[in-house]
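Enquirer: Just so we're aligned, residue 2 is where the sequence shown starts under our numbering, counting upward by one. From the three backbone atoms N, C-alpha and C, an ideal C-beta is built for every residue, glycine too. Given the structure is predicted, the values throughout are model-derived calculations rather than measurements.
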Amino acid sequence: MSTIPENLYYTEEHEWISVEGDVATIGITDFAQSSLGDIVFVELPDSETEFEDGDSFGVVESIKSVSDLYTPLSGTVLEKNEEVEDSPEKLNENAFGSWLVKLKMSDSSQVEKLLSAEKYKAFCETNS
């Protein structure tokens, strides 16, 4: 398994989250992109779209499968990464460097339920 950055939060759906103030940047992990294979299509929501924790906020399609993306936090989309929509292979090339959306959190206490790098690594080892 690749290195899991310590400065991020994670979900059991293999998403990473970077938090700065009330803004969460969300992406998929290296484990996710590796499991998906060659990513050929990404669909992301427009700015100002509101989501509740657990809502589907987009789709990632690979040559193997189509997977929904689920937001681990409630909030409003500030920005989507159009570069990833235009060039989905960037997720395969650098999953931790290719974010999907930036979300203004409506409840920053939800961050407490996310996994630390250590807990995410243990989850991956147990469920791989």
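Which residue or residues does DSSP assign as beta-bridge partners of aspartate 108?
Expert: Translated into the one-based positions of the sequence shown, residue 108 becomes position 107. DSSP lists no partner for aspartate 108.
Enquirer: The beta strand (DSSP E) that contains alanine 25, what's its start and end?
Expert: As a working note, residue 25 is residue 24 in the sequence shown. 24 to 29 is the extent of the beta strand (DSSP E) around alanine 25.
Enquirer: Quick check on DSSP: helix, strand or coil for lysine 114?
Expert: As a working mapping, residue 114 is identified with position 113 in the sequence shown. Three-state result, lysine 114: helix.
Enquirer: To the nearest angstrom, how far is the alpha carbon of serine 66 from that of aspartate 23?
Expert: Position 65 of the sequence shown holds residue 66. Position 22 of the sequence shown holds residue 23. So the alpha carbons of these two residues sit roughly 33 Å apart.
Enquirer: Curious, which full-length alpha helix (DSSP H) runs of at least 4 residues does the region 27 to 52 contain?
Expert: The qualifying runs are 31 to 37.
Enquirer: Excluding five sequence neighbours on each side, which residues of the same chain lie with their C-beta closer than 6 Å to the C-beta of serine 107?
Expert: Translated into positions along the sequence shown, residue 107 becomes position 106. Excluding sequence neighbours, serine 107 sits near Ser75 and Gly76.
Enquirer: Starting from the C-beta of lysine 81, find all residues in its chain whose C-beta is less than 6 Å away, skip the five residues before and the five after it, and write them out in chain order.
Expert: Working through the sequence shown from its first residue, we reach residue 81 at position 80. Closer than 6 Å at Cβ, skipping near neighbours: Leu45 and Val102.
Enquirer: Where do the ends of the beta strand (DSSP E) carrying lysine 81 lie?
Expert: The count along the sequence shown starts at 1 and reaches residue 81 at position 80. Note, lysine 81: beta strand (DSSP E), 76 to 81.
Enquirer: Please report the distance separating the alpha-carbon of glutamate 90 from that of lysine 114.
Expert: Taking the sequence shown and counting its residues from 1, one reaches residue 90 at position 89. Taking the sequence shown and counting its residues from 1, one reaches residue 114 at position 113. Looking at the two C-alpha atoms, the distance is approximately 30 Å.
Enquirer: Where does aspartate 69 sit, in a helix, a strand or coil, going by DSSP?
Expert: Position 68 of the sequence shown holds residue 69. Of the three classes helix, strand and coil, the one that applies to aspartate 69 here is strand, per DSSP.
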